[in-house]
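Working notes, structure below.
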Ligand code: PSU
Ligand code: MN
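And the structure:
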């Protein structure tokens, strides 16, 4: 810690109480709210995910930077206004302190949410899908900072796999190189976000929340740094099958290329293209999988 310099940090009432009492807390990101889903579905998702975590006996901590203050847990009003903000920064490791230092409002990605969670002593985090290696990364070098963060920060990230708009085999290779365990919950096959199937075998598999908590505790006991990625397949009733998704994804990727989309804009652009192509069905699936991940994350948090 640097001398003399502090920074504005605040907790929601329920998160402060839960942390003080050592009760289970689950972190939630905010980029998915501001950049990943359109209003008002984004707010509905954010509220229902928080409620699922409460119903499962844990406390939700949605993380964001509001006017330069890092918030661990948002009060209802703050969440509602963030969901309607159209100019929030998309904040990853590279920009988290920038947003704080310059008084900005920023939504945290998986990477920045992990950093904030670790700072607050929160060990489990639920999201939709992590960022990863984009198609054509050998040319563009577009590899999400989420992967590096998983290798350095000890937070369990519960996802529905890497977003299927990504090059999943390359994403797995990078995670393996960085020493990040990828554990599929209850299946031998890695899920592909909107679809239960990817055609790719999961590196590891566990079948209950207690085993996941025990695995992470064992890593910590052995002095192994970093987090892990849990891939939780979307419920069957909510999935869009892999052959159907592949057609939509290819169309969205082609559109991104034609429009010269690059950098931070790639992921939000592809998600909104797929939303249009599927007439909103992709959003319903996205919301269903985040809820499903919130449930599992709460169970893991309670198992610690
Ligand atoms: N999961 C979703 N929707 C999203 C994201 C994840 O269901 O919008 C966000 C996360 O915040 C993730 C980010 O960290 O997309 C990845 O962006 P990039 O590829 O630019 O690193
Ligand atoms: Mn990127």
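Numbering (this note's numbering), first residue to last: 166 to 469. Cβ coordinates follow ideal geometry from the N, Cα and C atoms, glycine included.
Item: Classification of residue 204 by the beta-carbon crowding that lies within 10 angstroms, buried from 16 upward; Value: exposed
Item: Every unbroken beta strand (DSSP E) within the region 307-371, with a cutoff of 3 residues, ordered by chain; Value: 321-324, 347-350, 369-371
Item: Counted within 10 angstroms of its Cβ, other Cβ atoms place residue 189 as buried (16 or more) or exposed; Value: buried
Item: Whole-angstrom distance between residue 185 and residue 405, CA atom to CA atom; Value: 42 angstroms
Item: Bridge partners - residue 237, DSSP secondary structure assignment; Value: 176, 228
Item: Option in 207, 242, 230, 195 with minimal Cα separation from residue 175; Value: 230
Item: C-alpha distance - residue 367 paired with residue 351, whole-angstrom precision; Value: 10 angstroms
Item: Every unbroken alpha helix (DSSP H) inside the region 263-289 [4 residues or more]; Value: 275-285
Item: Boundaries (first-last residue) of the alpha helix (DSSP H) holding residue 254; Value: Premise fails: residue 254 lies in the beta strand (DSSP E), 254-256, not in any alpha helix (DSSP H).
Item: Touch test, the region 378-396 against the region 317-326, Cβ-Cβ under 8 angstroms, three pairs minimum; Value: yes
Item: Contacting residues, own chain, Cβ-Cβ under 8 angstroms from residue 245 (five flanking each side not counted); Value: 208
Item: Cβ-heavy atom distance, residue 367 to ligand 1, below 7 angstroms; Value: no
Item: Any non-hydrogen atom of ligand 2 closer than 7 angstroms to residue 431 Cβ; Value: yes
Item: Per DSSP, the bridge partner or partners of residue 299; Value: 331
Item: Whole-Å CB distance - residue 226 paired with residue 272, under 8 angstroms assumed; Value: Rounded, the Cβ-Cβ distance is 14 angstroms, inconsistent with contact.
Item: Where the alpha helix (DSSP H) containing residue 374 begins and where it ends; Value: 374-386
Item: Beta-carbon gap between residue 275 and residue 459 smaller than 8 angstroms; Value: no
Item: One or two residues paired with residue 193 in a DSSP bridge; Value: 227, 291
Item: Enclosing beta strand (DSSP E) for residue 396 [first to last residue]; Value: 393-396
Item: Contact set for residue 298: own chain, Cβ-Cβ below 7 angstroms, skip 5 residues either direction; Value: 308, 331, 332, 335, 336, 339
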